[in-house]
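Residue numbers (the numbering used here): 36 to 476.
Down below is the structure, laid out as structure tokens.
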């Protein structure tokens, strides 16, 4: 077979696979009313399937009701509130909503007001939290009973299906899983979902076994060292020879030879007299040492008495001095409070004086103390703030300075510190801010 024929056959096979996946999704959305999850280990495969499904939405007959589509790429860097904001802002721009509310409440209310058919497509579903997966499943399940057309299709790796399998009681009868290559339905008991989990369990078992083996080896080595040390007993130590006892026994006169009798008695008397003199000298030295110790104790006692007599009297503190010290401490505390509350005004006039431009929206706070803490934590940034209304509550919004063009705003956002980039800021036109300020006032 020629290379051209092989390439043509491969292209036709891919087209058939993609069409079958899109057709299967359309069938589930029409008749089963389930949230659909398309999974594949190859990122390019499920991304391509998502793009082709979006293309099929343009050819659907939506003459009875306008179709509203939101396409979001999920990321682990985005928390639940940020994901809710991105979904709702794509569906309903310039609309007030509470990002802390569930998607079931927010989107259902907005869909009834706008009377539109809604389709939500999310890539990289494995990055979504379990809470958001459950909210999207409930959104489809509840509104299918309320005659509202709300469809949700997720595309991701099998890790998303594994998390659903672990919590399958939450999704029973509300979710369908498709293979990204063949378009076939996958049950939660399928080997495509169990294999990876089984491998993970085997890896965990291997790690635990390795750790236990290391612990056992360390224990055996410690026991061997302790045993070798305890084997050294006192019996193995070198024996110290006891000094020979002096024989102080005086020989009896009848045992001596007559010629040596007088000489030996003289030597014995000299030894006895030497011992007596040694005892007398030791006794005298001990008495002298006792007298010196007593003298030293008396000298120390006299010195302490002299210090006590000559010590300077302590002057008690006056009442005025105590009051002055308290006033100084109070002033220091006031300085700290003033430094913390330095930022207590908003910059609405700064925005209202600008006819056009763009800002970088960085954060939003419902409490003044959190807003002030954020401003103080970023003293090197030129930040501005205004108030807007969000679900009948006040929200303090923090932005950058106004830039003349969107390109300047993008360049400024790239140069911001990592602590601000982690909040996922976005660019906002000044006209939108003016409308929000006018609505609040």
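Even glycine gets a Cβ: it sits at the ideal position worked out from N, Cα and C.
For clarity, every value in this text was computed on a predicted model and none was experimentally measured.
Taking only three categories from DSSP, how would you classify residue 72? Translated into the one-based positions of the chain shown, residue 72 becomes position 37. The answer is strand: DSSP assigns residue 72 an E or B state.
Around the C-beta of residue 60, are 16 or more other C-beta atoms found within 10 angstroms, so that it is buried, or is it exposed? As a working note, residue 60 is residue 25 in the chain shown. The residue is buried, with at least 16 neighbouring Cβ atoms inside 10 Å.
Residues bridged to residue 423 (per DSSP): On the chain shown, residue 423 is found 388 positions in, with the first residue counted as 1. According to DSSP, which records beta bridges pairwise, residue 423 is partnered with 430.
Going by beta carbon distance, what residues of the same chain come within less than 6 angstroms of residue 111, once the five residues before and after it are set aside? Within the chain shown, numbered from 1, the residue matching residue 111 stands at position 76. Closer than 6 angstroms at the Cβ level, and outside the excluded window around residue 111, lie 162.
Taking the alpha carbon of residue 155 as the reference point, which residue from 258, 247, 253, 92 has its own alpha carbon closest? In the chain shown, counting from the first residue as 1, residue 155 sits at position 120. Selected option, being the one with the closest Cα: 92.
Under three-state DSSP, which class holds residue 400? For the purposes of this step, residue 400 is taken as the residue at position 365 of the chain shown. Of the three classes helix, strand and coil, the one that applies to residue 400 here is strand, per DSSP.
Cα-Cα separation between residue 28 and residue 236, rounded to whole angstroms: This structure cannot speak to residue 28, because the chain is shown only from 36 to 476.
Identify whether residue 382 lies in helix, strand or coil by the three-state DSSP scheme. Counting from one through the chain shown, the residue named residue 382 turns up at place 347. Residue state, collapsed to three classes: coil.
Could you name the residues of the same chain whose beta carbon sits closer than 7 angstroms to that of residue 203, not counting the 5 residues immediately before and after it, in chain order? In the chain shown, counting from the first residue as 1, residue 203 sits at position 168. Closer than 7 angstroms at the Cβ level, and outside the excluded window around residue 203, lie 223.
For residue 249 and residue 417, the rounded distance between their alpha carbons: Mapped onto the chain shown, residue 417 falls at position 382. Mapped onto the chain shown, residue 249 falls at position 214. Those two C-alpha atoms are separated by around 56 angstroms.
Closest by CA to residue 104, which one among 113, 116, 90? One-based indexing of the chain shown puts residue 104 at position 69. Of the listed residues, the one whose Cα sits closest to residue 104 is 90.
DSSP state of residue 456, grouped into three classes? In the chain shown, the residue the question calls residue 456 occupies position 421. Helix, per DSSP.
Residues in the same chain with beta-carbon distance under 6 angstroms from residue 404, minus the five sequence neighbours each way, listed in chain order, please. Start at 1 with the first residue of the chain shown, and residue 404 comes out as number 369. Around residue 404: no qualifying Cβ.
Evaluate the contact criterion for the segment 70-84 versus the segment 175-194: three or more CB pairs, one atom per stretch, below 8 angstroms. yes
Cα-Cα separation between residue 152 and residue 210, rounded to whole angstroms: On the chain shown, position 117 is the one that residue 152 refers to. On the chain shown, position 175 is the one that residue 210 refers to. Cα to Cα, the separation comes out at about 20 angstroms.
Rounded to whole angstroms, what's the CA-CA distance from residue 392 to residue 446? Just pull it up for me. Taking the chain shown and counting its residues from 1, the one referred to as residue 392 is at position 357. Taking the chain shown and counting its residues from 1, the one referred to as residue 446 is at position 411. Taking the straight line from one Cα to the other gives about 14 angstroms.
Rounded to whole angstroms, what's the CA-CA distance from residue 86 to residue 106? Just pull it up for me. Working through the chain shown from its first residue, we reach residue 86 at position 51. Working through the chain shown from its first residue, we reach residue 106 at position 71. If I take the Cα positions, the gap works out to 10 angstroms.
Taking the continuous alpha helix (DSSP H) assigned at residue 191, which residues delimit it? Sequence index remark: in the chain shown, residue 191 carries index 156 (1-based). It is not in any alpha helix (DSSP H) - residue 191 instead sits in the beta strand (DSSP E) that spans 185-191.
Quick one: Cα of residue 108 to Cα of residue 159, how far? Counting from 1 along the chain shown, the entry for residue 108 is found at position 73. Counting from 1 along the chain shown, the entry for residue 159 is found at position 124. Going from the Cα of residue 108 to the Cα of residue 159 covers about 6 angstroms.
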